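First up is the structure itself, then whatever we jot down about it.
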């Protein structure tokens, strides 16, 4: 009788264990959902609803006196897509983001590579120094660049004293000054992004390439640089997104002569009170975000492959 009961009890135990595992899985899912719910609600209230409201606002019609007519029209999109001025503004915004992103990566890469490879006990302090500018407001740093790059600023005064120039260089109220200011402001972001993306770098691979007769330049171009591409792309994406959405630096260092989408949106909302048109420009700026993110994902997949 004992030998007959044992085979019958084992399946029951296995079924009970399966039911217990399923119950545990369901309970874990409920726990995870409960933990995610506050964050999802916060994201819904602070991002999804405002974004949906902005998109809906872009289809309304704005009057010169600031009155918003509740309707559904494409005029707010037709104007920026057909007017050469707004094409120029969009192109300048895109070019500014690409230029600042490339320059920021170039000047930040050596610093990030040094900090990522450093084994010194001062490494933490060096990283803190590299990101210390983030503790200062971008407004204060922009005003500092206005003083440095001004007609009688530090750069022009030094060059004139050394006899390199006779007339002051025009470094403010143009895209040159805006680019210089944005590169310095966003350097800490690029450094942090590249340090976190240099996880694939391995000194052993570089030593192996060197032991096989590769020169230092060849080791850098064939080993170090390809392995650090994910960090470079991440830093470029971050700086690009921050650059094309920034308002303070183009407004102050540009002096009103540099018009990008962020400054144009500000003028439409505060000066002309045309909120639907400003919402349409914001949607166009959001599309630029999406395009560059799509290119970034394609490149990361290609590199990973």
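Numbering (the working numbering), first residue to last: 32 to 336.
For glycine and all other residues, C-beta sits at the position ideal for the given N, C-alpha and C.
Small disclaimer: the values here were computed from a predicted structure and weren't measured.
Residue ranges of each alpha helix (DSSP H) run of no fewer than 4 residues wholly in the segment 130-170, ordered along the chain? Correct list: 154-162.
So what does DSSP say about residue 92, is it helix, strand or coil? Locating residue 92 in the chain shown gives position 61, where the first residue counts as 1. Strand.
Does residue 216 pass the burial test, meaning 16 or more other C-beta atoms within 10 Å, or should it be called exposed? The residue given as residue 216 occupies position 185 in the chain shown. Residue 216 is buried by the Cβ-count criterion.
By Cβ distance, which residues of its chain are closer than 6 Å to residue 222, with the 5 residues on each side in sequence left out? For the purposes of this step, residue 222 is identified with residue 191 of the chain shown, where counting begins at 1. Hits under 6 Å: 139, 142, 143, 161.
Buried or exposed, going by whether 16 or more other CB atoms sit within 10 Å of the CB of residue 219? Counting from one through the chain shown, the residue named residue 219 turns up at place 188. By the neighbour-count rule (16 or more Cβ atoms within 10 Å), residue 219 is buried.
For the alpha helix (DSSP H) that residue 290 lies in, which residues bound it at each end? Counted from its first residue, the chain shown places residue 290 at position 259. Careful: residue 290 lies outside any alpha helix (DSSP H) and carries neither H nor E.
How many whole angstroms separate the CB atoms of residue 131 and residue 274, which I take to be in contact at a CB cut-off of 8 Å? Sequence index remark: in the chain shown, residue 131 carries index 100 (1-based). Sequence index remark: in the chain shown, residue 274 carries index 243 (1-based). Contact holds; Cβ gap of about 4 Å.
For residue 253, count neighbouring C-beta atoms within 10 Å of its own C-beta (all shown protein chains included) and say buried if the count is 16 or more, exposed if not. By 1-based counting over the chain shown, the position of residue 253 is 222. Exposed: under 16 other Cβ atoms inside 10 Å.
In whole angstroms, what separates the C-alpha of residue 76 from that of residue 227? Here residue 76 corresponds to residue number 45 of the chain shown, with the count starting at 1. Here residue 227 corresponds to residue number 196 of the chain shown, with the count starting at 1. Each residue's alpha carbon lies about 30 Å from the other.
According to DSSP, simplified to helix, strand and coil, what is residue 196? By 1-based counting over the chain shown, the position of residue 196 is 165. In the structure shown, residue 196 sits in coil (DSSP, three-state: anything other than H, G, I, E or B).
Supposed close pair residue 294, residue 212 - CB separation, criterion 8 Å: Here the question's residue 294 lines up with position 263 in the chain shown. Here the question's residue 212 lines up with position 181 in the chain shown. Residue 294 to residue 212, Cβ: 14 Å. No contact.
When DSSP builds the beta bridges, which residues end up paired with residue 99? In the chain shown, the residue the question calls residue 99 occupies position 68. Paired residue(s): 93.
Looking at the structure shown, is residue 40 part of a helix, part of a strand, or coil, going by DSSP? As a working mapping, residue 40 is identified with position 9 in the chain shown. The predicted position of residue 40 is uncertain, since its pLDDT is 49 and thus under 50; a value taken from the coordinates is nonetheless stated next. Residue state, collapsed to three classes: helix.
Nearest candidate by alpha-carbon position, reference residue 208, set 186, 310, 199, 180: On the chain shown, position 177 is the one that residue 208 refers to. Looking at the Cα atoms, 180 is the closest of the given residues.
With H, G and I counted as helix, E and B as strand and the rest as coil, what does DSSP make of residue 231? Locating residue 231 in the chain shown gives position 200, counting from the first residue. Three-state result, residue 231: coil.
Would you report the Cα separation of residue 313 and residue 230, rounded to the nearest angstrom? Taking the chain shown and counting its residues from 1, one reaches residue 313 at position 282. Taking the chain shown and counting its residues from 1, one reaches residue 230 at position 199. Computed Cα separation, rounded: 35 Å.
Are there 16 or more other CB atoms within 10 angstroms of the CB of residue 166, so buried, or fewer, so exposed? As a working note, residue 166 is residue 135 in the chain shown. Result: exposed.
So what's residue 57 in DSSP terms, helix, strand or just coil? By one-based count along the chain shown, residue 57 stands at place 26. DSSP places residue 57 in helix when its eight states are reduced to three.
How about residue 304 and residue 175: do their beta carbons lie closer than 8 Å? Counting from one through the chain shown, the residue named residue 304 turns up at place 273. Counting from one through the chain shown, the residue named residue 175 turns up at place 144. Against a cut-off of 8 Å, the Cβ pair of residue 175 and residue 304 comes out as no contact.
Rank 309, 322, 324 by C-alpha distance to the C-alpha of residue 93 and give the top, closest one. Translated into positions along the chain shown, residue 93 becomes position 62. Closest in alpha carbon position to residue 93, among 309, 322, 324, is 309.
Run through DSSP, which three-state label would residue 201 get? Residue numbering aside, residue 201 sits at position 170 when the chain shown is read from its first letter. Of the three classes helix, strand and coil, the one that applies to residue 201 here is coil, per DSSP.
For residue 236, which residues in the same chain have their Cβ closer than 8 Å to its Cβ, ignoring the five residues on either side in sequence? Here residue 236 refers to the residue found at position 205 when the chain shown is read from its first residue. Result list for residue 236: 254, 258, in chain order.
Identify every run of the alpha helix (DSSP H) within the segment 99-125, keeping only runs that are complete inside it and at least 4 residues long; order them along the chain. 106-113
List in chain order: all unbroken alpha helix (DSSP H) runs of 4+ residues lying wholly within the segment 214-282. 234-242, 247-250, 260-276
Closest by C-alpha distance to residue 288, when choosing among 202, 306, 148: By one-based count along the chain shown, residue 288 stands at place 257. Considering only alpha carbons, the answer is 202.
Leaving out five residues before and five after residue 66 in sequence, what residues of the same chain have Cβ atoms less than 7 Å from its Cβ? Numbered from 1 along the chain shown, position 35 holds the residue referred to as residue 66. Taken in chain order, the list of residues that qualify is empty.
Hey, residue 268 and residue 323 are a contact pair by Cβ (cut 8 Å); roughly how many whole angstroms apart? As a position in the chain shown, residue 268 is number 237, starting the count at 1. As a position in the chain shown, residue 323 is number 292, starting the count at 1. Beta-carbon to beta-carbon, residue 268 and residue 323 are separated by about 7 Å, close enough to satisfy the 8 Å threshold.
Looking only at C-alpha atoms, which of 210, 86, 151, 196 sits nearest to residue 173? Position 142 of the chain shown, counted from the first residue, corresponds to residue 173. Comparing Cα positions, the closest option is 210.
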